[in-house]
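The sequence shown maps to residues 223 to 579 in our numbering. Report on the structure given below.
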Amino acid sequence: MDDEFEDEEKIERLEPAKRKRVVRWRRKKDILKEPIKPWGKKERYLVLTIFLATSLIPAFLALSARAYKLPGLPKLGPPPGSFLKSFFAGRTIILEKESPEVKEDENMNKKKESIISQFKAETNKLSGVYGLYVVDLNSGFSFGVNGDETFDAASLIKLPVMAAMYRLSEEGKINLDEKYVLKNSDKASGAGSLYLKPNGYLISYSEILNLMGQQSDNTAFVIAKNKVGKENIENLIDRLGMINTEFDSRQTTPKDIGTFFLKLWQGKVINEENKKKLLDSLTKTIFEDYIPAGVPEDVRVAHKYGTLDNIINDAGIVFDKRHPYLVVIMSKGIIKREADIVIPTISKIVFEEMSKD
């Protein structure tokens, strides 16, 4: 004890700053001498709770992502009507008719219910997420599944670019007969034959538009996009009311693509002459394995196809003589071999119902 006391006296005689350092050092030394206490129940429960929260919440959010769905299993997501449901915007939407001006039609309601039921039966057993939007062009009656769900547009994004170029030609700002000199910097691999043409190849803007429709030509798209300009493309998207379409990110919804074709059909996008040219370029394309495959050969289909990894989209107008309609089918996170079968099947289902009297 005397030694300890003497030590304490020595400490007291130290300068204040040095005395503080010595005191802190002694406290640490005393703490290190204390035996380690085992965890009690409270500590164990706390650690388990933290572990489960940090493991299960990310797993739940990953599984509830729209593009992730195992075949035969329901899509995971927050409970309907909950705060999480609205916060994460995980929606499975059945769109009813959009305008109060469209009258109730018992026959159309039956068609809608049948199509939606069959669509779900076909797609719920598959991987990925599918979206559908249908409009009866005689009445304006519209409906769909996941119609406001965001999908990658893929080559469907070429539609507003084509329309914007036609519109600028109507305003005298672009001469579609003018020849463009192809540059190597224009070339984009993938769909289309223009990529194979030599540097200096001459092609008119009319031909560029036709290639975008017939072949979904990526090089033609690059040229048209640069000629039209991002501002004019986005202005047209906004003017048409495609409120969930973003040109830069190439994101859109089945309903927005349906809106494009509906406004085109109604003559609200470009004049009749250019409308005919655009629809002609979308008829009998080199991609006829999806919507057209589900429609009789003698029925015209003007449509735009697009694909990326795990994505296949097709959308357009089916010119049934008595009951013309537009249909949009989009997908994400899909398996191609499944989509190759189910998209023509969905198209056939829609045609058989929509063409009924």
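A virtual CB, placed ideally from N, CA and C, is assigned to each residue, including glycine.
Inset, instruction - For VAL324, name the three-state secondary structure that DSSP assigns. - result: Here residue 324 refers to the residue found at position 102 of the sequence shown. Only weak support exists for where VAL324 lies, its pLDDT of 48 falling under 50; the value from the coordinates is given anyway. Reduced to three states, the DSSP call for VAL324 is coil.
Inset, instruction - Work out the CA separation of LYS263 and THR271 for me, nearest whole Å. - result: Numbered from its first residue, the sequence shown carries residue 271 at position 49. Numbered from its first residue, the sequence shown carries residue 263 at position 41. Roughly 12 Å between the two C-alpha positions.
Legend entry - Extent of the continuous beta strand (DSSP E) to which THR529 belongs: For the purposes of this step, residue 529 is taken as the residue at position 307 of the sequence shown. THR529 -> beta strand (DSSP E) spans 523–530.
Inset, instruction - Look at the alpha carbon of PHE373 and the alpha carbon of TYR267, and state the distance between them as a whole number of angstroms. - result: Locating residue 373 in the sequence shown gives position 151, where the first residue counts as 1. Locating residue 267 in the sequence shown gives position 45, where the first residue counts as 1. Between PHE373 and TYR267, the C-alpha separation is close to 42 Å.
Legend entry - Endpoints, the beta strand (DSSP E) within which TYR355 is located: The residue you call residue 355 lines up with position 133 of the sequence shown. 351–358 is the span of the beta strand (DSSP E), which, as asked, contains TYR355.
Legend entry - Straight-line Cα distance separating SER364 from VAL540: For the purposes of this step, residue 540 is taken as the residue at position 318 of the sequence shown. For the purposes of this step, residue 364 is taken as the residue at position 142 of the sequence shown. Approximately 15 Å between the Cα atoms of the pair.
Legend entry - Helix, strand or coil at ASP536 [DSSP, three-state]: The residue given as residue 536 occupies position 314 in the sequence shown. It is a strand residue.
Legend entry - With 16 other Cβ atoms within 10 Å as the buried cut-off, status of ASN496: Translated into the one-based positions of the sequence shown, residue 496 becomes position 274. It counts as buried.
Legend entry - Segment limits, beta strand (DSSP E) that includes MET552: For the purposes of this step, residue 552 is taken as residue 330 along the sequence shown, with counting starting at 1. Segment 547–554, the beta strand (DSSP E) holding MET552.
Inset, instruction - Would you list the residues sitting across from GLN582 in a DSSP beta bridge? - result: Any question about residue 582 goes unanswered here, given that the chain covers just 223 to 579.
Legend entry - Best match in SER553, GLY538, LYS554 for proximity to TYR547 [C-alpha to C-alpha]: Residue mapping note: residue 547 aligns to position 325 of the sequence shown, counting from 1. When only C-alpha atoms are compared, the closest one is GLY538.
Inset, instruction - Assuming ASP408 and ILE445 form a contact by the criterion Cβ under 8 Å, report the distance between their Cβ atoms to the nearest whole angstrom. - result: Position 186 of the sequence shown, counted from the start, is the residue given in the question as residue 408. Position 223 of the sequence shown, counted from the start, is the residue given in the question as residue 445. Right, their Cβ atoms sit about 5 Å apart.
Legend entry - Close-in-space but distant-in-sequence residues of the same chain around ASN397 (CB under 8 Å, 5 per side omitted): Here residue 397 is taken as the residue at index 175 of the sequence shown, counted from 1. So the list reads SER391, TYR427, once near-sequence residues are dropped.
Inset, instruction - Check whether the Cβ atoms of ILE557 and ASP536 lie closer than 8 Å to each other. - result: In the sequence shown, residue 557 corresponds to position 335, counting from 1. In the sequence shown, residue 536 corresponds to position 314, counting from 1. It is not a contact, given that the beta carbons lie outside the stated cut-off.
Legend entry - Contacts around LYS419, its chain only, beta-carbon distance under 7 Å, and the 5 residues preceding and following it disregarded: The count along the sequence shown starts at 1 and reaches residue 419 at position 197. Excluding sequence neighbours, LYS419 sits near LEU404.
Inset, instruction - List the residues that DSSP assigns as beta-bridge partners of LYS401. - result: The residue given as residue 401 occupies position 179 in the sequence shown. According to DSSP, LYS401 bridges with SER426.
Inset, instruction - Starting from PHE365, trace the beta strand (DSSP E) both ways and give me its first and last residue. - result: If you number the sequence shown from 1, residue 365 lands on position 143. Taken as a continuous stretch (DSSP letters only), the beta strand (DSSP E) holding PHE365 covers 364–367.
Inset, instruction - Can you check DSSP and say which residues form a bridge with THR505? - result: The sequence position of residue 505 within the sequence shown is 283, counting from 1. Paired residue(s): ALA524.
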